[in-house]
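What follows is one structure encoded as structure tokens, with my remarks underneath.
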Amino acid sequence: LMNSAPPCICLCKVSFLCPLYNYTTVVGLLRQMEKFLKGQEIRFTEGLRIMKSKLASLQTFLSCSHLLSPTAPTTCPSLEAPAHGTKFGSKYFVGHEVHFTCSQGYQLVGSPTRVCRDNGTWTGVGAACKDVSECASNPCQNGGTCVEGINQYKCTCPQNWSGSHCQDQTQTAPPEWSVMNDPAFSRRPRCAQVNQAQHCSCDAGFHMSGTSDNSICQDVNECEVYRLDQGGKLCVHQCVNVPGSYHCSCPSGYKLLPDGRSCEDVDECLSQKHNCSRGTSCVNTGGGFQCVNPECPHSHGNISYVKTSPFSLSRCVSLPNRPFQVFLNTAYRNSE
Numbered sequence: 001l002m003n004s005a006p007p008c009i010c011l012c013k014v015s016f017l018c019p020l021y022n023y024t025t026v027v028g029l030l031r032q033m034e035k036f037l038k039g040q041e042i043r044f045t046e047g048l049r050i051m052k053s054k055l056a057s058l059q060t061f062l063s064c065s066h067l068l069s070p071t072a073p074t075t076c077p078s079l080e081a082p083a084h085g086t087k088f089g090s091k092y093f094v095g096h097e098v099h100f101t102c103s104q105g106y107q108l109v110g111s112p113t114r115v116c117r118d119n120g121t122w123t124g125v126g127a128a129c130k131d132v133s134e135c136a137s138n139p140c141q142n143g144g145t146c147v148e149g150i151n152q153y154k155c156t157c158p159q160n161w162s163g164s165h166c167q168d169q170t171q172t173a174p175p176e177w178s179v180m181n182d183p184a185f186s187r188r189p190r191c192a193q194v195n196q197a198q199h200c201s202c203d204a205g206f207h208m209s210g211t212s213d214n215s216i217c218q219d220v221n222e223c224e225v226y227r228l229d230q231g232g233k234l235c236v237h238q239c240v241n242v243p244g245s246y247h248c249s250c251p252s253g254y255k256l257l258p259d260g261r262s263c264e265d266v267d268e269c270l271s272q273k274h275n276c277s278r279g280t281s282c283v284n285t286g287g288g289f290q291c292v293n294p295e296c297p298h299s300h301g302n303i304s305y306v307k308t309s310p311f312s313l314s315r316c317v318s319l320p321n322r323p324f325q326v327f328l329n330t331a332y333r334n335s336e
């Protein structure tokens, strides 16, 4: 018997008798058959494992195949020139550019340049030419009105302005409330070139007069401007104009309150700012004070008085030989 083949059992032909096998021989043959089948099973299992592994690899490859980039096209779709426009470029290969422009009086909307990409598409968006107004950019300055023309425009300027774009300030007469002919109340304007036009301005509290080439900043007399204003005067008492501003002042004997416009009487008696001598009393008045020398009342009936204190708070008492005694405090102050 070969090692790789099952044991062979000979069968006797007809009319022949086969020898009888004993028990030991049969058991040995069965064990050899069992080992053979065991080996076949192991080889089958290993082959099945290898086959499963290859099937799994194939399945993974097929599931990822959609991620592989297909062959990139070499050209992009053709592009046409927009209406009222022109296209530059006739090659549509990868990396080539196509440019677009519009005729006069039209504005390009979209991408002026598009490039053919590796994936066969163009960069940017489609180009179109739209009719535009010459006044759409608001070329007129300082409140000027733009008037359309044939491929041109004209600016109608408001009062006190001139030039192709209303950029120049014309001669202006100073208002009545400007301070004139006083160098202390005049300033040179601040000027700058903006879009090829000169723009000048004045500091707060000043008004520009003159021409754009020879302008000057004159002080605004706020006291005169708001003299008849419906909201009331700037100052309760007196307004003082200064270059670029103003301030309020109060008469003698009054002080300016924190609001900057109201005045309050100064109590010289309470603040000890009076010059009353001893024996007199200080009486506050509007804007000042008075020094009063109190006297005892005249005698009448059975009562007569005499001053007993030389100070401001004078006291009068009755004479000893009189039956009545009266005290009179003659010091007082104005409550205003």
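Numbering (the UniProt record's numbering), first residue to last: 1 to 336.
For glycine and all other residues, C-beta sits at the position ideal for the given N, C-alpha and C.
Small disclaimer: the values here were computed from a predicted structure and weren't measured.
Helix or strand or just coil, what does DSSP make of residue 226?
Of the three classes helix, strand and coil, the one that applies to residue 226 here is coil, per DSSP.
If you compare alpha carbons, which of 83, 249 and 285 is closest to residue 238?
Checking every option, the nearest Cα to that of residue 238 belongs to 249.
In terms of residues, what are the limits of the beta strand (DSSP E) holding residue 218?
It spans 215 to 219 - the beta strand (DSSP E) in which residue 218 sits, taken as one unbroken run.
Grab me the residues of residue 280's own chain with a C-beta within less than 7 angstroms of its C-beta, minus the 5 sequence neighbours each way, in chain order.
The answer, listed in chain order, is 291, 292, 293 and 312.
Sorted by chain position, which residues of the same chain lie with C-beta nearer than 6 angstroms to residue 195's C-beta, five sequence neighbours on each side aside?
Cβ within range, chain order: n/a, list empty.
Is it the case that the Cβ atoms of residue 243 and residue 204 are separated by a distance below 8 angstroms?
Their beta carbons are not under 8 angstroms apart, which means residue 243 does not touch residue 204 by this criterion.
Given a cut-off of 8 angstroms, decide if residue 86 and residue 101 are closer than it, judged by their beta-carbon atoms.
Contact flag set, yes.
With burial defined as no fewer than 16 other Cβ atoms inside 10 Å of the residue's Cβ, what is the status of residue 219: buried or exposed?
Flag for residue 219 reads buried.
Considering just the uninterrupted stretch of the beta strand (DSSP E) at residue 249, what are its terminal residues?
Where residue 249 is concerned, the enclosing beta strand (DSSP E) stretches over 245 to 249.
Give me, in chain order, the residues of the same chain whose beta-carbon lies closer than 7 angstroms to that of residue 89; leave out the 5 immediate sequence neighbours on both sides.
Closer than 7 angstroms at Cβ, skipping near neighbours: 96, 97, 98 and 99.
According to DSSP, which residues form a beta bridge with residue 85?
In DSSP, residue 85 forms a bridge with 102.
Measuring only the C-alpha atoms, how far is residue 25 from residue 63?
One C-alpha to the other measures close to 58 angstroms.
Since residue 290 sits in a beta bridge, which residues does DSSP pair it with?
In DSSP, residue 290 forms a bridge with 283.
Return yes when the Cβ of residue 265 is within less than 8 angstroms of the Cβ of residue 287, no when it is not.
Going by C-beta atoms, residue 287 is nearer than 8 angstroms to residue 265.
Roughly how many angstroms separate the alpha carbons of residue 158 and residue 193, rounded to a whole number?
Residue 158 and residue 193: Cα-Cα distance of roughly 21 angstroms.
Among all the DSSP beta bridges, which residues are the ones paired with residue 242?
For residue 242, which the question treats as bridged, DSSP gives the partners 245.
To the nearest angstrom, how far is the alpha carbon of residue 241 from that of residue 160?
Their Cα atoms are separated by approximately 28 angstroms.
What's the C-alpha gap between residue 168 and residue 189?
The straight-line gap from Cα to Cα measures roughly 14 angstroms.
Between the C-alpha atoms of residue 44 and residue 53, what's the straight-line distance to the nearest angstrom?
Answer to the nearest angstrom: the Cα atoms are 14 angstroms apart.
Going by beta carbon distance, what residues of the same chain come within less than 6 angstroms of residue 132, once the five residues before and after it are set aside?
107, listed in sequence order.
Apart from the five residues just before and just after residue 143, which ones in its own chain have a Cβ nearer than 6 angstroms to its Cβ?
For residue 143, where only same-chain residues beyond five positions count, the Cβ hits under 6 angstroms are 158.
Do residue 92 and residue 111 have their C-beta atoms within less than 8 angstroms of each other?
Against a cut-off of 8 angstroms, the Cβ pair of residue 111 and residue 92 comes out as no contact.
On the DSSP bridge list, what partners appear for residue 190?
According to DSSP, which records beta bridges pairwise, residue 190 is partnered with 201.
Could you tell me which of 153, 224, 221 and 103 sits nearest to residue 134, measuring between CA atoms?
Residue 153 is the option with its Cα nearest to residue 134.
Across which residues does DSSP place residue 93 in a beta bridge pair?
Answer by DSSP bridge pairing, in chain order: 75.
Only counting the same chain, and skipping five residues up and downstream in sequence, which positions put a Cβ closer than 6 angstroms to that of residue 200?
Only 189, 191 and 215 meet the Cβ criterion.
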